[in-house]
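Peer 1:
Protein chains in written order, with this note's numbering: chain A, 57 to 442; chain B, 124 to 384.
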């Protein structure tokens, strides 16, 4: 007595049927068992009900084609049945697949656990612990980096001979300063227009539109021009520092420099820091002027204030201190942007993804620090009454 | 697998890749000048040539990463320039490429890397994909614990093996290997040769291999294609040794060539 039934739809390219006899069971595989067609078989093979037979066989001799994934399914089924205590004869395949069967059966032994569950309490505690330890180490790393850079700067000042690479410094000033002129100028000009327009709109109600110029002068010179410039430069040059140094890390260029005996802080970090410290005050000054021009243009068209009137009012509104308060912050912003940019660049690991991640982090951190510092400056200035 | 015949274009053989009158170049410089090449089903073809002769460009042209200037490339009997996107995907399912540094996706684990082609082309239960990934890993001789690692945690040789496992994920007909043994120590290189030969036999692969490694050529290839004078000369290693061309003579009869004999 033998029953045979199709376990899968007969039109499927990969299919099998089970032949039952009282004491034994035979799996007959047919069609083409290839990677692209076997997905449907996976569940059906797991669901085969063996009943209480002692002997089971797997017969693939009628297969037209089989590949390694298909072979794996047969091998897995055999192993599962064996683990249930059945006797399973050797898998039969057409002879041309003998070596394939051998490879799959003998080289692959245990199915591994691949993906860990990330949502257990244990995993959460582990992540928190890892994060804390990582944070502490990072803090220590930043401190030692700042210390090292300070020492290098001091040494460059005390022994200025070959220590400072003048060519690199000039290149950095050009790259971060001169090449940024168009974008900084345009944005400062637009900010000047916006500020003048909004100020005029409000002040007109009190008939005090002439004070738009005071608003412009004080607002731009003290705060906005410096802040906008610093933020643009953080996005433009801070990110470039991280990406440049990071790419050098990926290419092992930093390692090469170290083996040659070149000090990486000295050659890569110092020119960038000093270059930006020189460039940013000038850029801020330039942004002051462009913002003023924008404001003057808006005043002329919106309030019909001519340039001589504008200049006279401006002279009354601002003092040298107003300008200095704005410009004195620029080197500090530059220092922070360059320090963060270079630090994150040196943190890059030897893979491409890490360059992108740290570049993003460097921009976010430097913009954040610039704004925090700006607030700190405001508090200090108000305390000492400037 | 008996050694292939040296002459290309014989009608009795089943050419799985057919390159005809291929012209490639950058700017004024011509790399390939009306180059012809046949790759037969089930053979291991080694491609050699001096630096800058366009070995990798030839490989990239065949797999469609490089826009060719003129000529035709037929894969599985279809001219690749005339295929639409869907037809091209059908062909792409049937080949795997191992890039020089493995080109593993760095944000994913090795197991996920191997599953990328499966996930892209097929609807498979995750569990089956995990099983297939771990089977491929053991086929290329990587330990089980490599599955959960990221590419940055693997050595160069292991990355190549993992790259090969990804290239084999869909059980392709053709595998392209770009300098598979470059940068490996001789023992690992030797093991890689054995691995390629074993897999080629058991999976009935056609292998197109760009390499500089004379030992690899000797150990694995059925025929060798030499890129000289912007064209290709094909033959077995013994036939090429008798070729009078000075570059080929230097290549196979230089100190390294003799050592590998």
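The beta-carbon is built from N, C-alpha and C at its ideal position, and this holds for glycine as well. Every value quoted in this text rests on a predicted model; they were computed, and no experiment measured them.
Using the Cα positions of residue 491 (chain A) and residue 118 (chain A), report the straight-line distance between them to the nearest angstrom.
Peer 2: For chain A, the structure presents residues 57 to 442; residue 491 (chain A) sits outside this window and is missing.
Peer 1: What does residue 293 (chain B) reach in chain A if we use C-beta pairs closer than 7 Å?
Peer 2: Within the second chain, numbered from 1, the residue matching residue 293 (chain B) stands at position 170. Those within 7 Å of residue 293 (chain B) in chain A are 91.
Peer 1: Can you confirm whether the segment 234 to 241 of chain A touches the segment 422 to 442 of chain A when touching is taken to mean that 3 or more C-beta pairs between the two stretches lie within less than 8 Å?
Peer 2: Segments in contact, no.
Peer 1: Using only CA atoms, which one of A:90, A:232 and A:303 lies nearest to residue 126 (chain A)?
Peer 2: For the purposes of this step, residue 126 (chain A) is taken as residue 70 along the first chain, with counting starting at 1. Of the candidates A:90, A:232 and A:303, the one whose C-alpha sits nearest the C-alpha of residue 126 (chain A) is A:90.
Peer 1: On the premise that residue 202 (chain B) lies in contact with residue 164 (chain B), defined as a C-beta separation below 8 Å, what is that separation, rounded to the nearest angstrom?
Peer 2: The residue labelled residue 164 (chain B) in the question sits at position 41 within the second chain. The residue labelled residue 202 (chain B) in the question sits at position 79 within the second chain. About 18 Å; that fails the 8 Å criterion.
Peer 1: When the cut-off is 8 Å and only beta carbons count, does residue 265 (chain B) lie next to chain A?
Peer 2: Numbered from 1 along the second chain, position 142 holds the residue referred to as residue 265 (chain B). Residue 265 (chain B) does not count as touching chain A.
Peer 1: DSSP three-state label for residue 140 (chain A), please.
Peer 2: Counted from its first residue, the first chain places residue 140 (chain A) at position 84. In this structure, residue 140 (chain A) counts as coil in the three-state DSSP scheme.
Peer 1: Does the segment 379 to 386 of chain A come into contact with the segment 276 to 284 of chain A, if we say contact requires no fewer than three beta-carbon pairs (one atom in each stretch) closer than 8 Å?
Peer 2: Verdict: yes, contact present.
Peer 1: With distances taken Cα to Cα, identify the nearest neighbour of residue 76 (chain A) among A:221, A:92, A:178 and A:105.
Peer 2: The residue given as residue 76 (chain A) occupies position 20 in the first chain. Ranking A:221, A:92, A:178 and A:105 by Cα distance to residue 76 (chain A) puts A:105 first.
Peer 1: For residue 311 (chain A), which residues in chain B fall below 8 Å Cβ to Cβ?
Peer 2: On the first chain, residue 311 (chain A) is found 255 positions in, with the first residue counted as 1. None at all; the shortest Cβ gap to chain B is about 16 Å.
Peer 1: Let me see if you follow: with CB-CB separation under 8 Å, is residue 316 (chain B) close to chain A or not?
Peer 2: Stepping through the second chain from its first residue, residue 316 (chain B) is reached at position 193. So no, residue 316 (chain B) is outside the interface.
Peer 1: Please list, in chain order, all residues of the same chain as residue 349 (chain A) whose beta carbon is under 8 Å from its beta carbon, the five residues on each side excluded.
Peer 2: Position 293 of the first chain, counted from the first residue, corresponds to residue 349 (chain A). Same-chain partners within the cutoff: 245 and 248.
Peer 1: Using the beta-carbon of each residue, which ones in chain A are nearer than 8 Å to residue 247 (chain B)?
Peer 2: Residue mapping note: residue 247 (chain B) aligns to position 124 of the second chain, counting from 1. By Cβ distance, chain A contributes 95 and 98.
Peer 1: Could you check whether the Cβ of residue 159 (chain A) sits closer than 8 Å to any Cβ belonging to chain B?
Peer 2: Sequence index remark: in the first chain, residue 159 (chain A) carries index 103 (1-based). Interface residue, yes.
Peer 1: Pick from A:225, A:147, A:341 and A:185: whose alpha carbon is nearest that of residue 332 (chain A)?
Peer 2: Here the question's residue 332 (chain A) lines up with position 276 in the first chain. Checked all of A:225, A:147, A:341 and A:185; the closest Cα to residue 332 (chain A) is A:225.
Peer 1: Below 7 Å between beta carbons is the criterion; list the residues of the segment 118 to 135 of chain A that meet it against any residue of chain B, in chain order.
Peer 2: Answer in chain order: 123, 124, 125, 128 and 132.
Peer 1: Return yes when the Cβ of residue 319 (chain B) is within less than 8 Å of the Cβ of residue 333 (chain B), no when it is not.
Peer 2: Counted from its first residue, the second chain places residue 333 (chain B) at position 210. Counted from its first residue, the second chain places residue 319 (chain B) at position 196. Cβ atoms of residue 333 (chain B) and residue 319 (chain B): not closer than 8 Å.
Peer 1: Of all the CB atoms in chain B, is at least one closer than 8 Å to the CB of residue 422 (chain A)?
Peer 2: What you label residue 422 (chain A) is simply residue 366 of the first chain in a count that begins at 1. False, the Cβ-Cβ gap to chain B never drops below 8 Å.
Peer 1: If residue 315 (chain B) sits next to residue 356 (chain B), beta carbons under 8 Å apart, how far is it from one beta carbon to the other, in whole angstroms?
Peer 2: Numbered from its first residue, the second chain carries residue 315 (chain B) at position 192. Numbered from its first residue, the second chain carries residue 356 (chain B) at position 233. The pair is not a contact, with the Cβ atoms about 26 Å apart (cut-off 8 Å).
Peer 1: Alpha carbons only, please: which of B:229, B:327 and B:147 is nearest the one belonging to residue 175 (chain B)?
Peer 2: Here residue 175 (chain B) is taken as the residue at index 52 of the second chain, counted from 1. For residue 175 (chain B), the nearest C-alpha among the options comes from B:147.
Peer 1: Give a yes or no on whether the minimum CB-CB distance between residue 254 (chain B) and chain A is below 8 Å.
Peer 2: To locate residue 254 (chain B), count along the second chain from 1; it is residue 131. Interface residue, yes.
Peer 1: Under 8 Å: do the segment 277 to 296 of chain B and the segment 219 to 239 of chain B share three or more Cβ pairs, one atom per stretch?
Peer 2: They touch, by the three-pair rule.
Peer 1: Check this for me: beta carbons of residue 92 (chain A) and residue 244 (chain B), under 8 Å apart or not?
Peer 2: For the purposes of this step, residue 92 (chain A) is taken as the residue at position 36 of the first chain. For the purposes of this step, residue 244 (chain B) is taken as the residue at position 121 of the second chain. Taking 8 Å as the Cβ cut-off, residue 92 (chain A) and residue 244 (chain B) qualify as a contacting pair.
Peer 1: With 8 Å as the threshold, decide whether the Cβ of residue 405 (chain A) is near any Cβ in chain B.
Peer 2: Walking along the first chain from the start, residue 405 (chain A) turns up at place 349. Yes - at least one Cβ of chain B is within 8 Å of the one on residue 405 (chain A).
Peer 1: Just reading off the alpha helix (DSSP H) that residue 178 (chain A) is part of, what are its end residues?
Peer 2: Counting from 1 along the first chain, the entry for residue 178 (chain A) is found at position 122. Start and end: 177 to 214.
Peer 1: Among B:291, B:160 and B:155, whose alpha-carbon lies nearest the alpha-carbon of residue 257 (chain B)?
Peer 2: Here the question's residue 257 (chain B) lines up with position 134 in the second chain. Looking at the Cα atoms, B:291 is the closest of the given residues.
Peer 1: For chain B, is any of its Cβ atoms less than 8 Å away from the one on residue 434 (chain A)?
Peer 2: By 1-based counting over the first chain, the position of residue 434 (chain A) is 378. So, not an interface residue.
Peer 1: Straight-line CA distance for residue 87 (chain A) to residue 74 (chain A)?
Peer 2: Mapped onto the first chain, residue 87 (chain A) falls at position 31. Mapped onto the first chain, residue 74 (chain A) falls at position 18. Using only the alpha carbons, I get a separation of about 15 Å.
Peer 1: Are there 16 or more other CB atoms within 10 angstroms of the CB of residue 368 (chain A), so buried, or fewer, so exposed?
Peer 2: Taking the first chain and counting its residues from 1, one reaches residue 368 (chain A) at position 312. Flag for residue 368 (chain A) reads exposed.
Peer 1: Considering only DSSP beta bridges, list what residue 119 (chain A) is partnered with.
Peer 2: Along the first chain, one-based indexing puts residue 119 (chain A) at 63. Paired residues: A:87.
Peer 1: So, does the CB of residue 290 (chain A) fall closer than 8 Å to a CB anywhere in chain B?
Peer 2: Position 234 of the first chain holds residue 290 (chain A). Taking Cβ atoms only, chain B never reaches closer than 8 Å to residue 290 (chain A), which makes this a no.
Peer 1: Between the alpha carbons of residue 414 (chain A) and residue 135 (chain A), how many angstroms are there, rounded?
Peer 2: Position 358 of the first chain, counted from the first residue, corresponds to residue 414 (chain A). Position 79 of the first chain, counted from the first residue, corresponds to residue 135 (chain A). So the alpha carbons of these two residues sit roughly 47 Å apart.
Peer 1: In terms of residues, what are the limits of the beta strand (DSSP E) holding residue 138 (chain B)?
Peer 2: Along the second chain, read from residue 1 onward, the residue named residue 138 (chain B) stands at position 15. First-last of the beta strand (DSSP E) with residue 138 (chain B): 138 to 149.
Peer 1: Quick one: list the residues of chain A neighbouring residue 324 (chain B), beta-carbon separation under 8 Å, in chain order.
Peer 2: To locate residue 324 (chain B), count along the second chain from 1; it is residue 201. The contacting residues are 155.
Peer 1: Note down, one range per segment and in chain order, each alpha helix (DSSP H) of at least 4 residues found wholly within the segment 169 to 201 of chain B.
Peer 2: DSSP runs (the alpha helix (DSSP H)) wholly in the segment 169 to 201 of chain B: 178 to 185.
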